[in-house]
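Take a look at the structure set out below.
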């Protein structure tokens, strides 16, 4: 059966310092970083409090737009609603559109953190550290509703609000989850199961518990001699870990038939997608980059494109030594000599690593690059010092026609994904 | 025409025991595996029962996973890998079968790790004036390195996927989902689509999780999903029910295209539907021979649920909820295993403990009920409101796709 064409007709985004996609694109174009000192991390006395985070001013705007009871709903629901409203408005869709046809919600999200609850629970510990559950129940109500800490609450909210009756899924593929949510939506439309999808990620992990965990593994940058803005430096020899971040992006995908029926304005196309669990190591890929290369090549095969068709790559580029090296080697295997004609961007240099959020945010930025014909700069990149000079990262935004972008997301657990986006 | 997909193997590690046979035996005997809650991390006189994996079953599961991988795992992930190995054994496969392209689709429970227990010792050590000093807690972790270095891996929502793929050396398509019914449905949908599209030849679907944690259980109490009245019996669809009891465990299925399986009877997946609102869930047009539906243990909620059950026109209704408790990660997979057992045995297990049904529907009570069964519906409603329906049919014939 012939796969159907899948168009992107709208998107919405919230990232650290940016309440919409255009603001984030402008911020990165002007080589400004979204990474700052996180006040909660400062208060806790972290030696390095750098993070990308949605700040209280942003939360006020997001909360004000939420139609439900703020006391009994979670922040991830408010954020999902805010970003979804942007995406629907951008696509020219009423919220009733999803209930009328076969549709789906595909949202990437990994964890919600509970340090306030930990502190509260510690009040009811006895001398052996055992919690008196009955006292805890009598004296403590979980803020944001009983299920606020569950990862699927934003998905449930969107599904209920939009009346989605078909695909409803919360993707938790670590750092690849946002890209894999978009990939699953693309496949469901391509094979004719649904006509309309809202997909992407909502991730709120710029939190001390996530920080402790990733720091324990040595994955976070701890170079305090770098300013917060300088710490995420993908593909530079002195890169030393990622900067924790958060954010959300949702895209509206439609079958071409559905989009044309309602005369929607296409913003781009999803041309191909692949994912691969690599069974290599739980935290790193094959040292020669071959597993990453296999995933990228599979996505290009799915798109029916030769590697030479790709103009621009939005890399995963976490700024860790191992990941960037593997990705650089994988890119060289996939693109060979054509690599020198291509441009590359590493958005995490400006935004930090928002885990599931990053794949969705980077997909939106990639689509904007296609629409605007602008390749985004990579912050903190110095070509003369580059460890991988064959990868042409930019220090300034570059006007160039971009028809096809490959966007990579590789996750802990050995889960890889690549998305091929193109002009509508 | 879409190719028919069949269940080629199943496995589970549940409170009822290690393996599908233990679960099936408990279901037919109407024997609940819910026991007195046993944990060293909290105590309660109000939440006293739990569907808990027994230590011997945990130890048996550990034999299925290399020691060096166990350091990355929560107990639930270990059960998940063991359930996968059982399902592969029944399907006559290993993860590295030459010529067979595998897909791996995982689902974890919602609130499982890092749990309060992960931090309990540290929190206790940082208490000053009766409450943990979170700055001291931060210092212990960041400067003294007092936290388990593998906590980030144990806390990954795709830990089950990562460890299973490493244990089986399985390279291929994959997806990790979160949370009960919605996660199970998404995993089954993606797996079925990949088989039908010909991208893979065998799909492994596995769910694993536990809510045995202070914060998780208090969330379930607050939501009214489990009772906090000292109850130690879970009675779905019974007027005597006084609320839910949580459980833990893992279940796995191996799916294959029907045409790739040998001749003989097979349990096939016919259709799946979903909705965030139960009343709007699309149900099959034709009456079903047997309906598997968990229920809740709360008579008011179960009576409401019965309005939807009545729409199915089922000849027999059963539930496995009282056997294992309310499962966070694999509710639909466990019900599918129960449904498959009923179709294979041509026998519907009773609802354990049911004496006073909340509605006049064909609930199976007392003893297993032999019947001619061809079509089965599994209907699940998650505790946060999400609903799904799965249709199965049992056939000796290979359908002409």
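Protein chains in written order, with UniProt numbering: chain A, 1 to 424; chain B, 1 to 401. Here a beta-carbon is modelled for each residue, glycine too, at the ideal position from N, C-alpha and C. All figures in this text were calculated on a predicted structure; none of them were measured in a lab.
- Residue-level contact by beta carbon holds for residue 275(A) and chain B, with a gap shorter than 8 Å.
- According to the DSSP assignment, residue 46(B) belongs to no alpha helix (DSSP H), since it is labelled neither H nor E.
- With distances taken between CA atoms, residue 16(A) lies nearest to 349(A) out of 349(A), 415(A), 374(A).
- Per the Cβ contact rule, the stretch 132 to 149 of chain B is not in contact with the stretch 390 to 406 of chain A (fewer than 3 Cβ pairs under 8 Å).
- Against chain A, the beta carbon of residue 190(B) has neighbours under 7 Å at 184, listed in chain order.
- Look at residue 207(A): its C-beta is not under 8 Å from any C-beta on chain B.
- Excluding sequence positions up to five before and after residue 209(B), its CB lies within less than 6 Å of the CB of 76, 108, 109, 112, 328, 329, all in the same chain and listed in chain order.
- Excluding five sequence positions before and after residue 114(B), the CB atoms of its chain that fall closer than 6 Å to its own CB belong to 151, 155, given in chain order.
- Put simply, the stretch 136 to 148 of chain A touches the stretch 73 to 86 of chain A. At least three CB pairs are less than 8 Å apart.
- Per the coordinates, the alpha-carbon of residue 268(B) lies some 17 Å from the alpha-carbon of residue 11(B).
- Look at residue 209(B): its C-beta is not under 8 Å from any C-beta on chain A.
- Looking at the DSSP output, residue 290(B) bridges to 316(B), 376(B).
- When the Cα atoms are used, residue 335(B) and residue 60(A) turn out to be separated by approximately 43 Å.
- Within the stretch 26 to 97 of chain B, the complete alpha helix (DSSP H) runs of at least 4 residues fall at 55 to 62, 67 to 70, 75 to 91.
- Put simply, the backbone Cα of residue 95(B) is about 46 Å away from that of residue 226(A).
- Short of 8 Å from the beta carbon of residue 20(A), and not among the five residues preceding or following it, lie these beta carbons of its own chain, in chain order: 12, 13, 14, 86.
- Assigned with DSSP and collapsed to three states, residue 39(A) falls in helix.
- Our two residues, residue 52(B) and residue 218(B), have alpha carbons roughly 17 Å apart in a direct line.
- Contact check for residue 124(A) against residue 131(A) passes: the beta carbons are separated by less than 8 Å.
- Here DSSP, grouped into helix, strand and coil, assigns residue 113(A) to coil.
- Judged by pairs of C-beta atoms under 8 Å, the stretch 82 to 97 of chain A touches the stretch 156 to 173 of chain A, as three or more such pairs exist.
- Annotation: residue 166(A) to residue 293(B) spans about 20 Å, alpha carbon to alpha carbon.
- The C-beta separation of residue 180(B) from residue 331(B) comes to about 5 Å, placing the pair in contact by the 8 Å criterion.
- For residue 201(B), the three-state secondary structure derived from DSSP is coil.
- Residue 127(B) carries a strand assignment under DSSP once its states are collapsed to helix, strand and coil.
- Three or more Cβ pairs closer than 8 Å define a contact, and the stretch 121 to 139 of chain B falls short of that threshold against the stretch 388 to 399 of chain A.
- At a C-beta separation below 9 Å, residue 3(B) has no neighbours in chain A, since its nearest C-beta there lies roughly 11 Å away.
- Within the model, the alpha-carbon separation for residue 262(A) versus residue 194(A) is close to 16 Å.
- In the three-state scheme derived from DSSP, where H, G and I count as helix and E and B as strand, residue 304(B) is classed as helix.
- Here residue 151(A) really is in contact with residue 110(A); their C-beta atoms are around 7 Å apart, less than 8 Å.
- The C-beta distance from residue 322(B) to residue 239(B) rounds to 14 Å, too long to fall under 8 Å, and the pair is not in contact.
- For residue 288(A), there is no enclosing alpha helix (DSSP H), as DSSP marks it with neither H nor E.
- Between residue 175(B) and residue 342(A), the gap from beta carbon to beta carbon reaches 8 Å or more.
- In the DSSP assignment, residue 18(B) forms a beta bridge with 13(B).
- C-alpha of residue 423(A) to C-alpha of residue 275(B): approximately 34 Å in a straight line.
- Within the stretch 131 to 151 of chain A, contact with chain B at the beta-carbon level (separation under 9 Å) is assigned to 131, 132, 133, 134, 136, 137, 140, 141, 142, 145, 146, 147, 148, 149, 150, 151.
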